[in-house]
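> The working numbering puts the first residue of the sequence shown at 4, with every later residue one more than the last.
By construction, the Cβ of each residue, glycine as well, lies at the ideal position given by its N, Cα and C atoms.
Fair warning: this is a prediction, and the values are worked out from it, not measured in the lab.
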Amino acid sequence: MKQVSLVLGSGGARGLAHIGIIRWLQENGYTIKSISGCSIGAFIGGIYAAGELNAFEKWVRQLTLVDIASFMDISWGMSGLIKGDKLINTLKDMVGDKTIEELPIRYTAVAADVRNEKEVWLTKGPLFDAIRASISLPLFLTPFMYEGVELIDGGVLNPIPIAPAFGDNTDLIIAVNLGATNKKKAVPQPTIEETNTTALKQKINDLLNTKDKPQKAINQSRMFEIADQAFDAMQNTIARQKLAAYPPDYIIEITRDACGTLDFHKADEMIELGYRKAKETFAKS
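1) Go ahead and pull the three-state DSSP assignment for L154.
2) Quick one, which of L130, K287, N119, V179 has its alpha-carbon nearest P107's?
3) State the DSSP-derived secondary structure class of G170, mapped to helix, strand or coil.
4) Mapping the DSSP letters down to three states, classify K61 as helix, strand or coil.
5) Tell me the residue span of the beta strand (DSSP E) that contains T258.
6) Taking all protein chains shown into account, do 16 or more other C-beta atoms lie within 10 angstroms of the C-beta of G15, making it buried, or fewer, making it exposed?
7) Alpha carbon to alpha carbon, how far is F59 from T284? Give it in angstroms, no decimals.
8) When you compare only the Cα positions, how much space is there between G87 and Y253?
9) Closest to A281 by C-alpha separation, out of S13, Q6, T126, Y33, would be which residue?
10) With H, G and I counted as helix, E and B as strand and the rest as coil, what does DSSP make of A112?
11) Based on the DSSP output, what are the partners of F147 in its beta bridges?
12) If you pair each beta-carbon of the stretch 50-58 with each one of the stretch 176-185, do three or more pairs fall below 8 Å?
13) Just the Cα atoms here: how many angstroms apart are E197 and G170?
14) What span of residues does the beta strand (DSSP E) with E122 cover, start to end?
15) Check whether the stretch 69-78 and the stretch 115-135 touch, using three or more Cβ-Cβ pairs below 8 Å as the test.
16) Mapping DSSP to helix, strand and coil, what is K5?
17) In three-state terms, what does DSSP make of G18?
18) Run through the DSSP bridge pairs and tell me what L56 is partnered with.
19) Taking its Cβ as the centre, do 16 or more other Cβ atoms sit within 10 Å of P250, making it buried, or is it exposed?
20) Would you kindly report the start and end of the unbroken alpha helix (DSSP H) that includes G277?
21) Closest to A286 by CA distance: which of L28, H21, G12 is it?
22) Thinking C-alpha only, which one of I38, N172, P164 is nearest Q238?
23) Using three-state DSSP, classify S39 as helix, strand or coil.
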């Protein structure tokens, strides 16, 4: 069996494809010895490292738009729309409140310290503190205070964090890029307005809305849509540079048009896509 360092990239709900990729590797003689990831990659990778991917997969496949909206606990501060406590507490109940040191494989979550303009590799302490820091998408989720430092989504600086895998001494480094370009056809990139239907859109608008300023709510909703698109474009540019500078042994690519950032109700579709893309990638070797 080949030993693998798995690098899981950021990309919102497209990261559910990571589950299918892990499934294919498990079924085809690859042993995952380490995981490094940022944002959704740190999220899925951490749950796998904790040994609870089966339970999480069953749970996420049953999520509806209404369920997703129910996890949106509003933050009344100015640093982000959602606090994220409801989601993290739900996952702790499912996975257990584990530390990174007790995980059976090496795990690194990558977050960004924008004040000091540097990546932060989280390799110790509570697992869900590391995950929460790494998924702190600017404007949407509030930043996370970790050991006195305010951290945000690792995709800001390194959406495909390959460097933590360099010292693993495994047979292969396999990276997953969730921001690949669809070369077969030009498809307009989905927006939050287009990809998330009534229940989720209404929840976001309700969080932003004030009875005396409905127009402000509309403008703010548009603001989050534009920020999401800008962040996606930025990550994809950085990802191409990182992959060119530090090419892994294999790159599994999920295109940007696979689903929208918040389309977590499309778990079945994305998990199956990840499985298929892993199979196609290794069939070419």
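If we stick to the structure as given:
1) In the sequence shown, residue 154 corresponds to position 151, counting from 1. In this structure, L154 counts as strand in the three-state DSSP scheme.
2) Within the sequence shown, the letter at position 104 stands for residue 107. Selected option, being the one with the closest Cα: L130.
3) Position 167 of the sequence shown holds residue 170. Coil, per DSSP.
4) Residue mapping note: residue 61 aligns to position 58 of the sequence shown, counting from 1. DSSP places K61 in helix when its eight states are reduced to three.
5) Counted from its first residue, the sequence shown places residue 258 at position 255. Run containing T258: 253-258, per the beta strand (DSSP E) assignment.
6) The residue you call residue 15 lines up with position 12 of the sequence shown. So G15 ends up on the buried side.
7) Here residue 284 corresponds to residue number 281 of the sequence shown, with the count starting at 1. Here residue 59 corresponds to residue number 56 of the sequence shown, with the count starting at 1. For the pair T284 and F59, the Cα-to-Cα distance works out to about 25 Å.
8) Translated into positions along the sequence shown, residue 87 becomes position 84. Translated into positions along the sequence shown, residue 253 becomes position 250. Taking the straight line from one Cα to the other gives about 33 Å.
9) One-based indexing of the sequence shown puts residue 281 at position 278. Residue Y33 is the option with its Cα nearest to A281.
10) Stepping through the sequence shown from its first residue, residue 112 is reached at position 109. Correct three-state label for A112: strand.
11) Numbered from its first residue, the sequence shown carries residue 147 at position 144. In the DSSP assignment, F147 forms a beta bridge with L154.
12) no
13) Working through the sequence shown from its first residue, we reach residue 197 at position 194. Working through the sequence shown from its first residue, we reach residue 170 at position 167. Low per-residue confidence applies at E197: pLDDT is 44, beneath 50, and the placement is therefore not dependable, though the value from the model is reported in the following sentence. Distance between the alpha carbons of E197 and G170 is about 42 Å.
14) Working through the sequence shown from its first residue, we reach residue 122 at position 119. It spans 121-125 - the beta strand (DSSP E) in which E122 sits, taken as one unbroken run.
15) no
16) Within the sequence shown, numbered from 1, the residue matching residue 5 stands at position 2. Collapsing the DSSP output to three states places K5 in a strand.
17) As a position in the sequence shown, residue 18 is number 15, starting the count at 1. In the structure shown, the three-state DSSP call for G18 is helix.
18) Indexing the sequence shown from 1 puts residue 56 at position 53. BP columns for L56 are empty, so no partner.
19) Counting from one through the sequence shown, the residue named residue 250 turns up at place 247. That one is exposed.
20) Indexing the sequence shown from 1 puts residue 277 at position 274. Counting along the chain, the alpha helix (DSSP H) containing G277 begins and ends at 270-286.
21) As a first step, residue 286 must be located in the sequence shown, where it is residue number 283. Closest in alpha carbon position to A286, among L28, H21, G12, is L28.
22) Translated into positions along the sequence shown, residue 238 becomes position 235. The candidate whose alpha carbon is nearest that of Q238 is P164.
23) As a position in the sequence shown, residue 39 is number 36, starting the count at 1. Strand.
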